[in-house]
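The working numbering numbers the first residue of the sequence shown as 223 and each following residue consecutively.
Reading through the structure tokens given below for one structure.
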Amino acid sequence: MKTKIALVTGGSRGLGKDMALSLAGKGNDVVLTYLTQKDEAEKVVAEIRQKGQKSVAIQLDMSDLNSYDNFINEVSSSLKKIWNTGKFDFLVNNAGIGATIPIGEATEDQFDHLLNIHFKGVYFLTQKMLPMMYDGGVIINLSSGTTRFSFPGYSIYASMKGAIEILTKYLAKELGERRIRANVVAPGAIETDFNNAGLKNSPQRKAYIASQTPLGRVGQADDIGSVVAFLCSEDAKWINGQRIEVSGGINL
């Protein structure tokens, strides 16, 4: 059986790291991207190799759409060099940043920056990657619990994630003839260094969120990666165009 290859953006830390490791744990090879933390990315690559899978880390700035062609050339070169192929199987659009910006204080520059990373960038990176994906592949886009419930300061971020959820339905519809499935994973509040480690650094906020969650705790990175790995597997072969919220049931 052919070993499948996943490309995980933002795979050097947090949720992306756990996604990369979870995919490797299921027998997949992984191409992961990083923005600035090359050393951390290489540590993830080393962990994946220790699991017996192949891996490589490539730099990608999601906010700079003009850099995408060079990135794709690097991915193509790595695929040929390491795997002797020009294609991969799974695209996980995970890379992102957090920003708590009240509507009254938001600037156009902040809006455009989040737009490029969380929606425009995902749209056009996916478009450019499609010719490199095997038929029968999988696209996983990351959204957020904040598209279902409102959290002050997240109007820009959540709006972009809402757009991602609609885009995913269209991907599922338009790529069906290639048997490419597209789904959304929407995490709730996760205790990582996302958004300046806002949850880690605020015991009061953490306690409040835990109190609003039936399972009585906030999320951890390893709550998410296993779901992504499942959706990329044959066990999820009939799940398509869906939003899977992984939030412990917060704000039911």
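Backbone N, C-alpha and C fix where the C-beta goes; we use that ideal spot for every residue, glycine too.
These numbers were taken from a predicted model, which means no experiment stands behind them.
Looking from the CA of S455, the closest CA among G359, F333, Q281 and K276 belongs to G359.
Check the Cα spacing between G326 and each of R465, I378 and I304: the tightest is with I378. L474 is classed as exposed because its beta carbon has fewer than 16 other beta carbons within 10 Å across all chains shown. DSSP places E467 inside the beta strand (DSSP E), whose first and last residues are R465 to V468.
Going by C-alpha positions, P409 is about 30 Å away from S298. Taking T231 as reference, the option from T258, G249, G470 and E330 with the minimal CA-CA separation is T258. A385 has its alpha-carbon roughly 16 Å from the corresponding atom of E467.
When DSSP assignments are scanned along the stretch 393–452, the uninterrupted stretches of beta strand (DSSP E) that are 3 or more residues long and fall wholly within it turn out to be 403–409. Pairwise C-beta distances place the stretch 361–375 in contact with the stretch 305–322, as three or more of them are shorter than 8 Å. A straight-line Cα-Cα distance of about 6 Å links K383 and S366.
A432 and G438 have their C-alpha atoms roughly 5 Å apart. I323 is the residue among I323, V344, V253 and M354 whose C-alpha sits nearest the C-alpha of P374.
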